[in-house]
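A.B. asks: Residue numbers for the sequence shown follow our numbering, so the first one is -13 and each next one is one higher.
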Amino acid sequence: MFIDNISKAVSQKMLDASVISIEDKDVYYYGLQLIVSTIIKGMGLMLIALLFDKVIEAIVFIAAFGILRINAGGFHLDTYFKCFVVTSASMMLCIWIGSITPLPLVPYIIACTLAITALIVVRHAPVDNPNRPLSSAEHKKFRIRSIYTIMIIAIIIITVYCLKAEFYSYVCIASLAVMFEGITLLPRS
């Protein structure tokens, strides 16, 4: 509700100031919803991370999850609050697992999570947003981008692990984060 009110007010002010046309108002309203919700969610996630002294871990989670999410899409909950709660809980779960995983298990977690995510991405990405369905050209473009994105993320995670084994908890968190995003691509039924 709060996010909708801000987005409506700003898009109306833009219309009143002749910055946008009436035909574009809905597009700007939707874009503003995304921007405002992303800012609020990001601030909330960082506040939680600060409270638990896990800021770097949260940044790793948000970066890995977010980069794949931008390209692959995924399941959307029906309210911003539910989305925030599930994302926060997932972030903290990934951070907790990444923090307690013993070093000898990390390569197996990385291999399994990246393989599972790659398979899901190849099979299901991208997933449309009900508020903005993809055209067939956009679907093809985001499918290719999703596959490249998971490949690049996998290369980065594996390279960092091989070069800096002391970063094992961070790469574990990143691999769990992309798997969590991959799970949101699975069909709901």
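Heads up, the beta-carbon is just placed ideally off N, CA and C, and yes, glycines get one too.
Quick check: Ile81 and Lys40, are their CB atoms within less than 7 Å of each other?
C.D. replies: Locating residue 81 in the sequence shown gives position 95, counting from the first residue. Locating residue 40 in the sequence shown gives position 54, counting from the first residue. Yes, Cβ-Cβ distance for Ile81 and Lys40 is below 7 Å.
A.B. asks: Measuring straight from C-alpha to C-alpha, what distance separates Ile143 and Ala160?
C.D. replies: What you label residue 143 is simply residue 157 of the sequence shown in a count that begins at 1. What you label residue 160 is simply residue 174 of the sequence shown in a count that begins at 1. Near 7 Å, if we compare the C-alpha coordinates of Ala160 and Ile143.
A.B. asks: Note down the Cα distance separating Thr65 from Leu54, rounded to an integer number of angstroms.
C.D. replies: As a position in the sequence shown, residue 65 is number 79, starting the count at 1. As a position in the sequence shown, residue 54 is number 68, starting the count at 1. The straight-line gap from Cα to Cα measures roughly 21 Å.
A.B. asks: For Arg174, which of helix, strand or coil comes out of DSSP?
C.D. replies: Sequence index remark: in the sequence shown, residue 174 carries index 188 (1-based). If DSSP states are grouped into helix, strand and coil, Arg174 belongs with coil.
A.B. asks: For Ile17, report the span of its alpha helix (DSSP H) as first-last.
C.D. replies: Against the sequence shown, residue 17 aligns to sequence position 31. As written in the sequence, residue 17 is Gly, which differs from the Ile given in the question. In the DSSP assignment, Gly17 falls within the unbroken alpha helix (DSSP H) covering 11 to 37.
A.B. asks: Within this structure, are the beta carbons of Gly59 and Val107 separated by less than 7 Å?
C.D. replies: Counted from its first residue, the sequence shown places residue 59 at position 73. Counted from its first residue, the sequence shown places residue 107 at position 121. Going by C-beta atoms, Gly59 is not nearer than 7 Å to Val107.
A.B. asks: Can you tell which of Leu20, Ile83, Ser7, Val5 has its C-alpha closest to the C-alpha of Arg118?
C.D. replies: By 1-based counting over the sequence shown, the position of residue 118 is 132. Comparing Cα positions, the closest option is Leu20.
A.B. asks: Check this for me: beta carbons of Gly17 and Phe70, under 7 Å apart or not?
C.D. replies: Locating residue 17 in the sequence shown gives position 31, where the first residue counts as 1. Locating residue 70 in the sequence shown gives position 84, where the first residue counts as 1. For Gly17 and Phe70, no; Cβs fall outside 7 Å.
A.B. asks: Which residues does DSSP list as the beta-bridge partners of Asn115?
C.D. replies: Locating residue 115 in the sequence shown gives position 129, counting from the first residue. Looking at the DSSP assignment, Asn115 forms a beta bridge with Arg118.
A.B. asks: Can you find the residues in the same chain that come closer than 7 Å, C-beta to C-beta, to Val14, ignoring five residues on each side of it along the sequence?
C.D. replies: Locating residue 14 in the sequence shown gives position 28, where the first residue counts as 1. Correcting the residue identity first, residue 14 is Tyr in this sequence and not Val. Cβ neighbours of Tyr14 beyond the five flanking positions: Ser(-3), Met0, Ile6.
A.B. asks: Would DSSP call Gly52 helix, strand or coil?
C.D. replies: As a position in the sequence shown, residue 52 is number 66, starting the count at 1. Under the three-state reduction of DSSP, Gly52 is assigned to helix.
A.B. asks: How about Ala163 and Ala35: do their beta carbons lie closer than 7 Å?
C.D. replies: Working through the sequence shown from its first residue, we reach residue 163 at position 177. Working through the sequence shown from its first residue, we reach residue 35 at position 49. Their beta carbons are not under 7 Å apart, which means Ala163 does not touch Ala35 by this criterion.
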